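Trainee:
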Amino acid sequence: MTAIVEGLPAPQREREKFDVREWFDKLSGIARIAVSLIGALIIFGVIMRLKGANPLTAYHDMLSSTFKSWDSMGDILVRATPIILAALAVSVPARAGLINVGGEGQLLMGGVAGMGTSLALGTRLPGTVTLVLMILAAALAGAAWAALAAVLRQFMGISESVTTLLLNYVALDIMFFLIYDRWKDRSGSGQPTSRALPVGQRLPLLFGRVHEGILLAVGAAVIIGLIFAFTSWGFRLRVVGGNAEAARRSGLKVGALLISAMAVGGALAGIGGLTQLAGAEFKLRSGFVAGYGYIGFLASWLGRHRPGYVVLSALLLSTIVIGGDSLQIDSQLPAASVNVLMAVTLLMVFGFGRKKAVSA
Amino acid sequence: MSLLSEVLTGGIRGGTSIEYAALGESVSERAGVVNLGTEGSMLMGALAAYAVASRSGHPWLGVLGAAIAGGLLALVHAYFVLSRKANQLATGLVVLFLGLGLTSLFGVDYVQALAPTFRPIALPGLSRIPFLGGIAFKQDPLVYMSYVTVPVMWWFIFRSRWGVLLRAAGERSEVLTTHGHRVIPIQYISVVVGGMFAGIGGAHLSIAYTKSWFENMTQGRGFVAVAVVMFAARQPFKVAAGAYLFGAALALSPALQARGYGINQFALDAIPYVVTILVLVALGKRRSGEIPEGLSKVFEAPTLG
Chain A
1 MTAIVEGLPA
11 PQREREKFDV
21 REWFDKLSGI
31 ARIAVSLIGA
41 LIIFGVIMRL
51 KGANPLTAYH
61 DMLSSTFKSW
71 DSMGDILVRA
81 TPIILAALAV
91 SVPARAGLIN
101 VGGEGQLLMG
111 GVAGMGTSLA
121 LGTRLPGTVT
131 LVLMILAAAL
141 AGAAWAALAA
151 VLRQFMGISE
161 SVTTLLLNYV
171 ALDIMFFLIY
181 DRWKDRSGSG
191 QPTSRALPVG
201 QRLPLLFGRV
211 HEGILLAVGA
221 AVIIGLIFAF
231 TSWGFRLRVV
241 GGNAEAARRS
251 GLKVGALLIS
261 AMAVGGALAG
271 IGGLTQLAGA
281 EFKLRSGFVA
291 GYGYIGFLAS
301 WLGRHRPGYV
311 VLSALLLSTI
321 VIGGDSLQID
331 SQLPAASVNV
341 LMAVTLLMVF
351 GFGRKKAVSA
Chain B
361 MSLLSEVLTG
371 GIRGGTSIEY
381 AALGESVSER
391 AGVVNLGTEG
401 SMLMGALAAY
411 AVASRSGHPW
421 LGVLGAAIAG
431 GLLALVHAYF
441 VLSRKANQLA
451 TGLVVLFLGL
461 GLTSLFGVDY
471 VQALAPTFRP
481 IALPGLSRIP
491 FLGGIAFKQD
501 PLVYMSYVTV
511 PVMWWFIFRS
521 RWGVLLRAAG
531 ERSEVLTTHG
541 HRVIPIQYIS
551 VVVGGMFAGI
561 GGAHLSIAYT
571 KSWFENMTQG
581 RGFVAVAVVM
591 FAARQPFKVA
601 AGAYLFGAAL
611 ALSPALQARG
621 YGINQFALDA
631 IPYVVTILVL
641 VALGKRRSGE
651 IPEGLSKVFE
661 APTLG
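Just so you know, the sequences run in chain order A and B.
Sequential numbering of the first sequence, starting at 1, is according to my numbering.
Sequential numbering of the second sequence, starting at 361, is according to my numbering.
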């Protein structure tokens with residue numbers, strides 16, 4: 001056999017070989033993500049099998065519990081709301097070449113600022129007015145938290161990817177400090193929480209459990225897309241992201257651009273934290289944003305920082321996250337195990353999802 | 361025990377897991393690869409150590425298992441970054457999620473389990489040294505191993521032939537290629553070795569420090585390790601000092617609470633992270649010139665889709 005194969009002329013041998021990678025490269029973007037997802041489902045299935053669970057039943061339960069009713073499908077939108085905003089918080093700085101891994105902390109600070117505004121104002125003002133002020137406060141808090149990292153980068157030369165990460169833990173401790181102390185709901189039992197937002201200060205519902213936060217999130221994506229495409233600020237960000245030195249020499253204020261990009265990103269994540277507070281949770285508690293900042297980071301990379309694709313990526317990831325709830329309830333596996341499915345999907349897309357990988 | 365010696369003792373105890381992870385990350389970064397998945401490798405190591413020690417009854421087998429588990433996760437990072445040219449920061453975070461998911465899936469059985477753990481051993485002679493003896497020489501065996509690891513690592517990086525290849529891979533990969541060495545295998549080995557050290561760090565966390573396993577038990581220590589590597593400029597002795605500083609900040613909270621200071625626990629919990637940021641700020645400007653060129657390329661011009 002080997003002699004025959006070796007005897008063939010080289011080009012013909014190549015034609016006969018079926019290269020998975022080549023075949024994969026020919027697929028369109030969406031198809032590649034779909035194939036990656038199927039591959040990830042198979043790998044995660046094998047891992048679940050190793051753990052002694054039945055993957056077919058688990059997947060069936062995941063699908064049926066997620067898509068069993070309009071309400072349960074609405075939950076995808078509810079979950080996706082903070083994830084979309086946290087993802088955009090990564091996309092805007094990324095355009096200028098900055099890495100914002102601080103979405104989690106910026107979401108938390110947004111939630112904290114919103115709650116603080118509500119507590120400070122009480123019910124003196126009409127609910128809608130208070131809600132608008134809460135959104136502004138959340139945006140400012142998120143922007144400040146993110147800008148801090150950009151300022152440290154600009155003036156101290158510290159990588160923003162590390163500071164934003166560390167600030168996540170500081171933000172978490174700030175929230176814990178408040179809900180275990182100052183803002184603790186004394187009437188509550190069990191895990192400490194803040195008191196619940198008055199009904200008038202919550203985001204109105206669209207249908208089922210879906211609140212108007214999703215409109216904020218999708219609206220923000222549209223606006224960011226327009227800003228990227230049509231404003232000089234959007235263009236300058238791309239210039240700085242492409243080559244900061246060239247941008248500096250052509251007279252752009254690079255420092256101001258970098259800090260503003262980070263602040264706009266942080267503001268978006270801050271609003272994301274507020275939508276979680278005023279639309280879904282209504283109070284601050286441990287596990288308030290449950291890793292949505294990190295998932296948003298991944299959604300932004302999955303969508304290659306382009307607002308439209310980022311929204312779709314966020315929807316896909318939030319569907320996977322919701323599947324985790326089913327794993328816990330129906331298959332008695334820890335909810336966090338769904339992270340394996342998410343990670344394998346993303347690795348497949350990052351590793352094999354491009355037209356042509358640069359040869360090593 | 362005085363507050364100072366308690367904080368210093370706790371600093372070594374609490375800092376050792378970060379020390380191992382940061383030493384590993386130094387190797388990886390010297391070769392030009394940042395691995396945010398260090399946090400994931402620590403988690404894998406923490407669970408593997410606890411599980412293997414629990415099953416076999418030998419904590420040292422647990423350490424071995426931890427190194428293997430941490431190295432395997434780092435191998436995933438190495439493959440996607442080096443062979444598939446994926447962005448290293450995004451891949452690192454995905455690898456962390458992979459570690460988080462795998463350890464929560466396979467860790468459920470060990471949350472309640474018992475495992476043999478490392479206990480502090482007073483070294484004869486050395487532990488009698490006034491003040492220092494009580495702080496540094498009444499620790500567990502993994503801490504003693506770290507005392508040996510730091511100078512060995514320094515020698516390896518700065519005095520051995522391997523160290524030259526390692527640093528060249530991160531600084532001047534084209535020169536290495538010109539001299540007939542292959543860069544990618546060196547980087548592969550460095551990333552995997554980095555993950556193995558992170559795994560051992562995780563092992564210290566589960567079978568020496570907390571003596572338990574629970575989901576997501578590293579709580580950002582892997583990220584702190586990456587920060588420590590940055591302000592310690594990838595030099596083993598400075599890395600150890602940075603890790604102990606974080607450990608000391610960590611030890612401050614229980615020490616103050618035990619003395620009845622009514623400070624909110626979470627305000628104290630934030631101290632280690634704030635201290636890490638402050639040290640980065642204090643040393644920031646001075647260090648920027650010492651970053652391996654392979655890394656600064658990545659940090660300044662990340663590829664956008």
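Where a beta carbon is used, it is the ideal one built from N, C-alpha and C, also for glycine.
On a predicted model such as this, the values are computed, not experimentally measured, just so you know.
Name, please, each residue of chain A whose Cβ falls closer than 7 Å to the Cβ of B:Tyr633.
Mentor: Those are Leu166, Tyr169, Val170, listed as they occur along chain A.
Trainee: Is it the case that the stretch 611-631 of chain B contacts the stretch 381-396 of chain B, given that we only count it when at least three CB pairs across the two stretches are under 8 Å?
Mentor: Contact fails: fewer than three Cβ-Cβ distances are below 8 Å.
Trainee: With burial defined as no fewer than 16 other Cβ atoms inside 10 Å of the residue's Cβ, what is the status of B:Phe659: buried or exposed?
Mentor: Summary for B:Phe659: the model assigns pLDDT 37, below 50, so the residue's position carries little reliability, and this model does not support an answer.
Trainee: Note down, in chain order, each residue of its chain lying with its Cβ closer than 8 Å to the Cβ of B:Met513, except the 5 sequence neighbours on either side.
Mentor: Counting only Cβ-Cβ distances below 8 Å, and skipping sequence neighbours, we find Leu383, Ser386, Val387, Pro596.
Trainee: Quick one: is A:Pro334 buried, meaning 16 or more other Cβ sit within 10 Å of its Cβ, or exposed?
Mentor: That one is buried.
Trainee: Measure the C-alpha to C-alpha separation of B:Gly580 and B:Gly400 and round it to an integer number of angstroms.
Mentor: The alpha-carbon atoms of B:Gly580 and B:Gly400 are separated by roughly 10 Å.
Trainee: Do we get a CB-CB distance below 8 Å when we pair B:Asn624 with the residues of chain A?
Mentor: So yes, B:Asn624 belongs to the interface.
Trainee: Could you tell me the alpha carbon to alpha carbon distance between A:Arg124 and A:Pro82, rounded to whole angstroms?
Mentor: Answer to the nearest angstrom: the Cα atoms are 28 Å apart.
Trainee: Please compile the residues from chain B whose C-beta is within a distance smaller than 8 Å of the C-beta of A:Lys68.
Mentor: Within chain B, no residue comes near A:Lys68; the closest Cβ sits about 25 Å away, beyond 8 Å.
Trainee: Counting only Cβ pairs nearer than 9 Å, list the residues of chain B close to A:Tyr294.
Mentor: Under the 9 Å cutoff, chain B gives Leu453, Leu456, Phe457.
Trainee: Quick one: give me the first and last residue of the beta strand (DSSP E) that A:Phe207 is part of.
Mentor: It spans 205-207 - the beta strand (DSSP E) in which A:Phe207 sits, taken as one unbroken run.
Trainee: Is the Cβ of A:Thr130 closer than 8 Å to any Cβ of chain B?
Mentor: No, its Cβ sits nowhere closer than 8 Å to a Cβ of chain B.
Trainee: Using a threshold of 8 Å, state whether the C-beta atoms of A:Ala96 and A:Val218 are closer than that.
Mentor: No, these two residues do not count as a Cβ contact at 8 Å.
Trainee: List the residues of chain B that A:Met342 touches, going by C-beta distances under 9 Å, in chain order.
Mentor: What A:Met342 touches in chain B: Val454, Phe457, Leu458, Gly461.
Trainee: Is it buried or exposed for A:Gln332, if we count other Cβ within 10 angstroms and need 16 for buried?
Mentor: Label assigned to A:Gln332: exposed.
Trainee: Please report the distance separating the alpha-carbon of B:Gly620 from that of B:His437.
Mentor: So the two alpha carbons sit approximately 45 Å from each other.
Trainee: What residue from A:Gln106, A:Asp330, A:Ile322 has the CA that sits closest to A:Val170's CA?
Mentor: Nearest of A:Gln106, A:Asp330, A:Ile322 to A:Val170, Cα basis: A:Gln106.
Trainee: Go ahead and pull the three-state DSSP assignment for A:Thr117.
Mentor: The answer is helix: DSSP assigns A:Thr117 an H, G or I state.
Trainee: Is the beta carbon of A:Ala138 less than 8 Å from the beta carbon of A:Gly110?
Mentor: Yes. Within cutoff.
Trainee: Whole angstroms are fine: how far does the CA of B:Leu407 sit from the CA of A:Arg337?
Mentor: The displayed chain sequence assigns Ser, not Arg, to residue 337 of chain A. Cα to Cα, A:Ser337 sits roughly 14 Å from B:Leu407.
Trainee: Quick check: the stretch 211-225 of chain A against the stretch 84-98 of chain A, are at least 3 beta-carbon pairs closer than 8 Å?
Mentor: Yes, the stretch 84-98 of chain A is in contact with the stretch 211-225 of chain A.
Trainee: Would A:Val92 pass as an interface residue toward chain B - the criterion being a Cβ-Cβ separation below 8 Å?
Mentor: Cβ-Cβ to chain B under 8 Å: no for A:Val92.
Trainee: Nearest-angstrom Cα distance between A:Arg209 and A:Gly291?
Mentor: Using only the alpha carbons, I get a separation of about 21 Å.
Trainee: Could you pull out every unbroken alpha helix (DSSP H) segment of at least 4 residues lying fully inside the stretch 575-633 of chain B, listed in chain order?
Mentor: The qualifying runs are 581-591, 596-618, 625-629.
Trainee: Which chain B residues are close to A:Ala290, counting only those with a beta carbon under 9 Å from its beta carbon?
Mentor: Here the premise fails: no neighbours, minimum Cβ distance about 12 Å.
Trainee: Considering only the beta carbon of each residue, do A:Ala299 and A:Leu317 sit closer than 8 Å?
Mentor: Yes, Cβ-Cβ distance for A:Ala299 and A:Leu317 is below 8 Å.
Trainee: Note down the Cα distance separating B:Ala358 from B:Ser572, rounded to an integer number of angstroms.
Mentor: In the structure as shown, chain B begins at 361 and stops at 665. Residue 358 of chain B is therefore absent and cannot be evaluated.
Trainee: Leaving out the 5 sequence neighbours to the left and right, which residues in its chain are closer than 7 Å to A:Ile158 when beta-carbon positions are compared?
Mentor: For A:Ile158, where only same-chain residues beyond five positions count, the Cβ hits under 7 Å are Leu152.
Trainee: With a cut-off of 8 Å, do at least 3 Cβ pairs link the stretch 459-468 of chain B to the stretch 534-541 of chain B?
Mentor: Touching, no, given that fewer than three Cβ pairs across the two stretches are closer than 8 Å.
Trainee: Anything in chain B within Cβ reach of A:Phe297, meaning under 8 Å, just list it in chain order.
Mentor: Those within 8 Å of A:Phe297 in chain B are Ala450, Leu453.
Trainee: Would you mind working out which of A:Ala80, A:Ser326, A:Asp61 sits nearest A:Gly272, comparing C-alpha positions?
Mentor: It is A:Ala80 whose Cα lies nearest to the Cα of A:Gly272.
Trainee: Classify A:His211 as helix, strand or coil using the three-state DSSP reduction.
Mentor: Of the three classes helix, strand and coil, the one that applies to A:His211 here is strand, per DSSP.
Trainee: Quick check on A:Gly52: buried or exposed, where buried means 16 or more other Cβ atoms within 10 Å of its Cβ?
Mentor: It is exposed - the Cβ of A:Gly52 has fewer than 16 other Cβ atoms within 10 Å.
Trainee: Go ahead and pull the three-state DSSP assignment for A:Ile158.
Mentor: Correct three-state label for A:Ile158: coil.
Trainee: Any C-beta of chain E within less than 9 Å: which residues of the stretch 526-542 of chain B qualify?
Mentor: The structure shown has no chain E; the protein chains it does contain are A and B.
Trainee: A:Ala73 versus chain B: which residues are under 9 Å apart at the beta carbon?
Mentor: Just to set this straight, residue 73 of chain A is Met in the shown sequence, not Ala. Residues of chain B passing the Cβ test: none, with the nearest at roughly 24 Å.
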